[in-house]
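Engineer: Quick one: structure below, then a few questions.
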Amino acid sequence: MTPPAAPTEATPQVPPTQLGASPCACKHTRYSLPTASPLLEITPHPPNGFPVPQICDPVTEGLDETLLTAWMNKPGPKAWVRPWRAKFEHDAEATWSKLRTLIQRVVGKDASTNLVISTPQQDSTFTTERNPPPWHFLISGLSQEATTFLVNLQVISTPDITVFTLPFVQPTPTFLCTLENFTLPDSPESNAIVADVVRHAMQSDDIIPEFIRGLDSNPDVLPTLINSIHVTSIRIANNVARKQMLWNVYCSYTPTFLTLEKHFLWRCLIRNLRFRSEDHGMGAVRFGEKQFRCMGCKSLDHPTGLCPFPAIPGWLGPKPQLVASLPAKLTSTPKPTRGRNSTRGGRGAPRGRLARGGPRY
Ligand SMILES: [Zn+2]
Ligand SMILES: [Zn+2]
């Protein structure tokens, strides 16, 4: 996903879609809603689709083992739903109640008679995460048609609650890593140079070709994977005086053998490469605390302040406070207030603490 390059003053006013009222123009199959269903105000599907949050951990991360087994064994169509800015809650009743109302309204009362929204329970692993997993509720008891409809919506943003829907078999992410330290300006040419450095590093590695050959002996697979590497740039502000250029690396080709598990291994091999360039220094992967994790959508390819979702026309979810409109003195205050309706750092260039480790992203 390409995050917005610069802070935008205001989101253009687009009337929200009314589910059941105006048909979606995109290719997704529409599930016919009962006409009696009350109209629901949701953010319309953008013409080019919603950005896909790059979730690079299993959706079952942090889920209690016994519960995991029970959920896997549940019969019938299943899907996952993750609230915006999800965090594990010991008392999830309020969230669950909102989810239930939302899904009942989206698929219709009649279709959701047997709806079950299963609440995650945390395993006993100690975690220091501010918003610890498990983040996903399990949806079951709906027809295949209703489940597919729900999953195809991807994002349901309403004034009441905003959620992401995922198929039960978690999609393999395309994001591989964020690179820093290249001495390059922000330009499409630079992105192409970085992509070339990554491709070269993959090609000249000993383990990567062997790893791929071990999964599929077809000699065309590796070149296709290498050619599917693409790079986008992201610009962050470490503090008022220092802006930093970063490059996100993606592989847009996901062969069927690259299951989520294999993808994690493949991603790990790439993240450990040396990204040398002849003229522009050596790229370094942002590991550990430098790894971004958006609090809102949980994607790993941007900090919270550069989340593309609140900038979507007609967005009904929480909006960040408009940092740009605040006096400079306030924006450099080390402890910004964080209400329910704000995301860290506002929508534009994130401020100091965002990029400097500290809490995890
Ligand atoms: Zn659509
Ligand atoms: Zn985000």
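Each residue of the sequence shown is one higher than the one before, starting from 1 at the first, in full-length UniProt numbering. Note that beta-carbon positions come from the ideal geometry of N, C-alpha and C, so glycine has one too. In this text the structure is predicted, and so the values were computed from the model without any measurement.
1) Using only CA atoms, which one of Asn272, Asn131, Gln54, Gly283 lies nearest to Glu89?
2) Check for me: the alpha helix (DSSP H) holding Glu278 runs from which residue to which?
3) Confirm, please, whether the CB-CB distance from Ser233 to Asn191 is below 8 Å.
4) Whole angstroms are fine: how far does the CA of Gly76 sit from the CA of Ala111?
5) Unbroken alpha helix (DSSP H) runs of length 4 or more, entirely within the region 131-164: which are they?
6) Can you tell me whether Ser342 is buried or exposed, with buried defined as 16 or more other CB within 10 angstroms of its CB?
7) Are Ser97 and Trp315 closer than 8 Å when you measure CB to CB?
8) Taking all protein chains shown into account, do 16 or more other C-beta atoms lie within 10 angstroms of the C-beta of Ile139, making it buried, or fewer, making it exposed?
9) Thinking C-beta only, is Ser124 closer than 8 Å to Phe182?
10) Check the C-beta distance from Pro173 over to Leu63 and give it rounded, since I have them as a contact under 8 Å.
11) Under DSSP, the beta strand (DSSP E) around Trp71 begins and ends at which residues?
12) So, helix, strand or coil for Thr224, using DSSP?
13) Determine which residues share a DSSP beta bridge with Arg82 and list them.
14) Can you tell me whether Met282 is helix, strand or coil according to DSSP?
15) Just to confirm, does Cys56 get its C-beta within under 7 Å of one of the non-hydrogen atoms of ligand 2?
16) Is it buried or exposed, Asn114, if we count other Cβ atoms within 10 angstroms and call 16 or more buried?
Structural biologist: Here's the rundown:
1) Reading the sequence shown from its first residue, position 89 is the one you call residue 89. Among Asn272, Asn131, Gln54, Gly283, the Cα nearest to that of Glu89 is on Asn131.
2) Looking up residue 278 in the sequence shown gives position 278. Annotation for Glu278: no alpha helix (DSSP H) segment contains it, and DSSP assigns it neither H nor E.
3) Taking the first residue of the sequence shown as position 1, residue 191 is located at position 191. Taking the first residue of the sequence shown as position 1, residue 233 is located at position 233. Closer than 8 Å, so yes.
4) Within the sequence shown, the letter at position 111 stands for residue 111. Within the sequence shown, the letter at position 76 stands for residue 76. Near 14 Å, if we compare the C-alpha coordinates of Gly76 and Ala111.
5) The region 131-164 contains these whole alpha helix (DSSP H) runs: 144-153.
6) Taking the first residue of the sequence shown as 1, we reach residue 342 at position 342. Per-residue confidence for Ser342 stands at a pLDDT of 39, beneath the threshold of 50, marking its modelled position as unreliable; no derived number is given.
7) On the sequence shown, residue 97 is found 97 positions in, with the first residue counted as 1. On the sequence shown, residue 315 is found 315 positions in, with the first residue counted as 1. No, Cβ-Cβ distance for Ser97 and Trp315 is not below 8 Å.
8) Residue mapping note: residue 139 aligns to position 139 of the sequence shown, counting from 1. Buried.
9) As a first step, residue 182 must be located in the sequence shown, where it is residue number 182. As a first step, residue 124 must be located in the sequence shown, where it is residue number 124. No, Cβ-Cβ distance for Phe182 and Ser124 is not below 8 Å.
10) The residue given as residue 173 occupies position 173 in the sequence shown. The residue given as residue 63 occupies position 63 in the sequence shown. Contact between Pro173 and Leu63 does not hold, since the beta-carbon distance rounds to 19 Å and is not under 8 Å.
11) Here residue 71 refers to the residue found at position 71 when the sequence shown is read from its first residue. Not the beta strand (DSSP E): Trp71 falls in the alpha helix (DSSP H), residues 65-72.
12) For the purposes of this step, residue 224 is taken as residue 224 along the sequence shown, with counting starting at 1. Thr224 falls in the helix class under three-state DSSP.
13) Mapped onto the sequence shown, residue 82 falls at position 82. Residue pairing from DSSP places Arg82 in a beta bridge opposite Phe164.
14) Taking the first residue of the sequence shown as position 1, residue 282 is located at position 282. Strand, per DSSP.
15) Translated into the one-based positions of the sequence shown, residue 56 becomes position 56. In this structure, Cys56 has its beta carbon at no less than 7 Å from each heavy atom of ligand 2.
16) Translated into positions along the sequence shown, residue 114 becomes position 114. By the 10 Å Cβ count, Asn114 comes out exposed.
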